[in-house]
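In my numbering, each number is its position in the sequence shown, counted from 1, plus 586. Glycine residues also receive a C-beta, built at the ideal position from the N, C-alpha and C atoms.
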Amino acid sequence: MAKQAVLLLAHGTPETIEQIPEYLRNVTSGRPLPQAVVEEIQHRYSLIGKSPLTEITFEQARLVEAELAGQGCPVPVYVAMRNWKPYIPEVMRKMREDGIEEAAVISLAPQNSRTSVGLYRRAVQAEAGGIKVDFTVGWADHPLLADAFADRLRPAWKKLSDEAGCPVPVLFTAHSVPVRTVQAVEGGLGADPYEQEARKTAELVAARVPEIGPWRFAFQSQGASGGPWLGPSVEQTLEELASEGLKFVILQPIGFLCDHVEILFDVDRLFRDYACERGLRLERPESLNGSTILARAVADLSRSALDRLSKEVL
């Protein structure tokens, strides 16, 4: 029987502010960014100390490994990053050294996009060597993913609604991408599923917490280059809420599975201050981070992929 493993993929983040220029070159595939952009990103990292993405991802891997072992599927769970250490090539090399022959590969970006999941997939395929890979393309509609987000949303929404004395609005968000990267290309690639999948996750979470009533959706963290980005933006949506006389809002990022700079700075500092300036109090639920429900979701995806590998006819 082939020796199997699970490989979890994430974006990656530098350990120090000094590493940010090199990290950004990885993100842009070597395309230079204006120095002002680099310095602004360094400033944001300095305000939150550092991004905990790598540490949390390893903790998530430990939880998934324990969940799989408890289900009678004791396999190692590896972690690799596309844009920083541990890089995908070095982790794939370590897996081969460990004798791994088959791997269930799951991106910790549940909503499929050419700009994220597609790049992870190509990187893994390029480094697979003799390892047979089953890559989970997208899992935006996995019921346990929605359960995990709903589990975080419900108590936070109730607490703020109790303080407000009325039901408060909920704003779901996902990371924006340039419009040109998700449009269908005539004679080539079809429309990217990212926008629809992001909205689908939000719909599934809202359905599990029906007491929140009507909710809104926006794309966050738009970049400063590359033409128009997917919207509406969080800033536009906060303006609308304030213009309607609302005083409270719960913002839940459903495109991110753990704390990192787009939550700790963009949400907790930038959006919170932006809302406050317009008379809105913005709060967010705890990120999934070490959620046991999330671990069950990833374990379920892993087992399905490992079963497919076992059943393949060579």
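Below 6 Å CB to CB, which residues in the same chain sit around leucine 874 once its five sequence neighbours on both sides are set aside?
Residue mapping note: residue 874 aligns to position 288 of the sequence shown, counting from 1. Ala734, Leu843, Leu880, listed in sequence order.
Under the three-state DSSP convention, the category proline 729 falls into
As a first step, residue 729 must be located in the sequence shown, where it is residue number 143. In the structure shown, proline 729 sits in a helix (DSSP, three-state: H, G or I).
Assigned secondary structure, tryptophan 670 (DSSP; H/G/I helix, E/B strand, else coil)
Locating residue 670 in the sequence shown gives position 84, counting from the first residue. Correct three-state label for tryptophan 670: coil.
Flag this pair as touching only if the stretch 881-898 and the stretch 651-669 have three or more C-beta atom pairs under 8 Å; answer yes or no.
yes
In whole angstroms, give me the CA-to-CA distance for proline 600 and glycine 751.
For the purposes of this step, residue 600 is identified with residue 14 of the sequence shown, where counting begins at 1. For the purposes of this step, residue 751 is identified with residue 165 of the sequence shown, where counting begins at 1. The straight-line gap from Cα to Cα measures roughly 42 Å.
Buried versus exposed, by CB contacts within 10 Å (16 or more), glycine 598:
For the purposes of this step, residue 598 is taken as the residue at position 12 of the sequence shown. Buried, by the Cβ-count rule.
Is DSSP giving leucine 593 helix, strand or coil here?
Position 7 of the sequence shown, counted from the start, is the residue given in the question as residue 593. The answer is strand: DSSP assigns leucine 593 an E or B state.
If you drop the 5 nearest sequence neighbours on each side, which residues of the same chain put their C-beta closer than 6 Å to that of threonine 787?
Here residue 787 refers to the residue found at position 201 when the sequence shown is read from its first residue. Excluding positions up to five away in sequence, the list reads Ala726, Ile840.
Give me whichever residues DSSP pairs with tyrosine 664 in a beta bridge.
Counting from 1 along the sequence shown, the entry for residue 664 is found at position 78. Its beta-bridge partners are Leu593.
Would you mind stating whether isoleucine 603 and serine 637 have Cβ atoms separated by less than 8 Å?
To locate residue 603, count along the sequence shown from 1; it is residue 17. To locate residue 637, count along the sequence shown from 1; it is residue 51. No.
Would arginine 855 and threonine 823 be called neighbours here (beta carbons separated by less than 8 Å)?
Along the sequence shown, one-based indexing puts residue 855 at 269. Along the sequence shown, one-based indexing puts residue 823 at 237. No; because the gap between Cβ atoms is not below 8 Å, this pair is not in contact.
Assigned exposure category for threonine 614 - 16 Cβ within 10 Å defines buried
The residue labelled residue 614 in the question sits at position 28 within the sequence shown. Threonine 614 is exposed by the Cβ-count criterion.
What is the DSSP secondary structure of aspartate 720, counted as helix, strand or coil?
For the purposes of this step, residue 720 is taken as residue 134 along the sequence shown, with counting starting at 1. In this structure, aspartate 720 counts as strand in the three-state DSSP scheme.
Could you name the residues of the same chain whose beta carbon sits closer than 8 Å to that of serine 762, not counting the 5 residues immediately before and after it, in chain order?
Residue numbering aside, residue 762 sits at position 176 when the sequence shown is read from its first letter. Cβ within range, chain order: Phe805, Gln806, Ser807, Gln808, Gly809, Trp815, Leu816, Gly817, Ser819.
Coarse secondary structure for serine 807, derived from DSSP in three states:
Position 221 of the sequence shown, counting from 1, holds the residue named residue 807. Three-state result, serine 807: coil.
Out of curiosity, what's the CA-to-CA distance linking arginine 882 and isoleucine 798?
Working through the sequence shown from its first residue, we reach residue 882 at position 296. Working through the sequence shown from its first residue, we reach residue 798 at position 212. Their Cα atoms are separated by approximately 25 Å.
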